[in-house]
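Input: a single structure, listed below in structure tokens.
In the working numbering, the protein residues as written are -8 to 170.
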């Protein structure tokens, strides 16, 4: 098992990235309280909500912080699904794009509870770290799909899809180019 300790500048948290040849996991050492979070989450256990847009979801749940890309590859167009689910381990926000056989999934997990960590499957390729907004973002591959994961405040973010590494990086950069 390999491990990398990451201290994000300006925030009071530390995450440890761990990976083997098959999984990648971010494990919280401390939790940030001043970054991304859900400020108005009134969802009850096992509840699911569907939204007409990302903006509607952001408003309904009081999503605070830079999480959603302002750019996705043009071939995907508008999201085909946008929703939130209250799971046993916390709230999951999701946005799905589809274009023929290609797809793009954006998932956001509220990890403010003590025992929350999200495990992401990967192939043998080593993780690559990109830093945007002072936050380390980890790029991994798995069975022909590109994935990125990072933590901003109380939210672990995961983008997965049939995109190139360059498109994935451009999506992440667009998150932090918004005002």
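We put the beta carbon where it would ideally sit given N, CA and C, even for glycine.
Classification of residue i by the beta-carbon crowding that lies within 10 angstroms, buried from 16 upward
i           : result
residue 162 : buried
residue 134 : exposed
residue 56  : buried
residue 6   : With a pLDDT of 40 at residue 6, under the threshold of 50, the modelled position of that residue is not reliable, and no figure is offered here.
residue 101 : buried
residue 110 : exposed
residue 25  : Because residue 25 sits at a pLDDT of 47, beneath the cut-off of 50, its placement in the model cannot be relied upon, and the following sentence gives the value as read from the coordinates. Exposed, because fewer than 16 other Cβ atoms sit within 10 Å of the Cβ of residue 25.
residue -2  : Reliability fails at residue -2, whose pLDDT of 32 lies under 50, so the model's placement of it is uncertain and no value is given.
residue 30  : exposed
residue 119 : exposed
residue 27  : buried
residue 54  : buried
6 Å CB neighbourhood of residue i in its chain, flanking five on each side removed
i           : result
residue 137 : 154, 156 and 159
residue 89  : 71
residue 206 : Here the chain comprises residues numbered -8 to 170, so residue 206 is not present and cannot be evaluated.
residue 36  : 77
Sub-9 Å separation of residue i and residue j beta-carbons
i          : j           : result
residue 62 : residue 165 : yes
From the options, residue whose alpha carbon lies closest to that of residue i
i           : options             : result
residue 169 : 30, 44 and 59       : 59
residue 115 : 65, 102 and 131     : 131
residue 81  : 90, 145, 68 and 125 : 145
Contacts around residue i, its chain only, beta-carbon distance under 8 Å, and the 5 residues preceding and following it disregarded
i           : result
residue 123 : 163, 164, 166 and 167
residue 45  : 59, 70, 73 and 86
residue 42  : 48, 51, 73, 74 and 75
Supposed close pair residue i, residue j - CB separation, criterion 8 Å
i          : j           : result
residue 98 : residue 149 : 5 Å
Residues of its chain near residue i, where Cβ-Cβ distance is below 7 Å and the 5 sequence neighbours each way are ignored
i           : result
residue 151 : 96, 136 and 138
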